[in-house]
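Everything on this sheet refers to the single structure shown next.
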Amino acid sequence: MSAYDELKNKQLIQVAPNKWMISPFDNAYQDELPAEQVAVLRKAFEAFDSQKSGSIPCDMVADILRIMGQPFDKKILEELIEEVDADKSGRLEFEEFVTLAAKFIVEEDDEAMQKELKEAFRLYDKEGNGYIPTSCLREILRELDDQLTDGELDMMIEEIDTDGSGTVDFDEFMEMMTGEV
Numbered sequence: 001m002s003a004y005d006e007l008k009n010k011q012l013i014q015v016a017p018n019k020w021m022i023s024p025f026d027n028a029y030q031d032e033l034p035a036e037q038v039a040v041l042r043k044a045f046e047a048f049d050s051q052k053s054g055s056i057p058c059d060m061v062a063d064i065l066r067i068m069g070q071p072f073d074k075k076i077l078e079e080l081i082e083e084v085d086a087d088k089s090g091r092l093e094f095e096e097f098v099t100l101a102a103k104f105i106v107e108e109d110d111e112a113m114q115k116e117l118k119e120a121f122r123l124y125d126k127e128g129n130g131y132i133p134t135s136c137l138r139e140i141l142r143e144l145d146d147q148l149t150d151g152e153l154d155m156m157i158e159e160i161d162t163d164g165s166g167t168v169d170f171d172e173f174m175e176m177m178t179g180e181v
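Residue numbers (full-length UniProt numbering): 1 to 181.
And the structure:
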């Protein structure tokens, strides 16, 4: 890849009026946020950027997260600020702020999803023994997609029931539903 191609793939960010730079941090979390959430973050950021400098003091981040109702651990927040304040200015530009806030928001969404999946699993685990029979899983998969053939269902169940027990425990169920081990 040429230097031009690498530069083309970098994201330019505005750090102040008429001042641009190449984004120095990973935008992976930012990509996971819906546009509406980014818009909410922008409004919060702009409200605290009273001088319209394009940045806010790092110590304001906790206040913003509190106002937005985002729970956080102070020590973790301090470590994340250290990580995303790429230029070590003690101030966060909007892109840095979104990257930081997204880590809390995405983590909270993951926790909510895990809680919902745990509740769904509990509904199918009628005996309360920590697993469901693969026959029950077959019914769940058939309800999710009635176009699945018996062969496809067999293949999916074989992949999910990794230990071949004829049952699916919560970890196997989570892996199936989220794609994460």
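Note that beta-carbon positions come from the ideal geometry of N, C-alpha and C, so glycine has one too.
- Classification of A102 by the beta-carbon crowding that lies within 10 angstroms, buried from 16 upward: Buried, since its Cβ has 16 or more Cβ neighbours within 10 Å.
- Could you tell me the distance, in whole angstroms, from the CA atom of S53 to the CA atom of E95? Their backbone Cα atoms lie some 14 Å apart in a straight line.
- Which of helix, strand or coil does DSSP assign to L123? L123: helix per DSSP, three-state reduction.
- Message: At a cut-off of 6 Å, would you count A102 as near the ligand FMN, judging by its Cβ distance to the nearest heavy atom?
- Response: This structure does not include the ligand FMN; it has no bound ligands of any sort.
- Query: Does the segment 113–128 come within contact of the segment 69–86, defined as at least 3 CB pairs closer than 8 Å?
  - Reply: Short answer: they don't touch.
- Item | Nearest neighbour of L41, chosen from D59, P57, I67, Q51 [CA to CA] | Nearest of D59, P57, I67, Q51 to L41, Cα basis: I67.
- One or two residues paired with P133 in a DSSP bridge: For P133, DSSP records a beta bridge to T167.
- Message: Between the segment 112–126 and the segment 144–160, can you find at least three pairs of beta-carbon atoms closer than 8 Å?
- Response: No, the segment 144–160 does not touch the segment 112–126.
- Message: I need the straight-line Cα distance from E143 to A112, nearest angstrom please.
- Response: Between the alpha carbons of E143 and A112 lies a distance of about 23 Å.
- Beta-ladder partner(s) of E93, from DSSP: DSSP, once it has assigned bridges, lists S55 as partnering E93.
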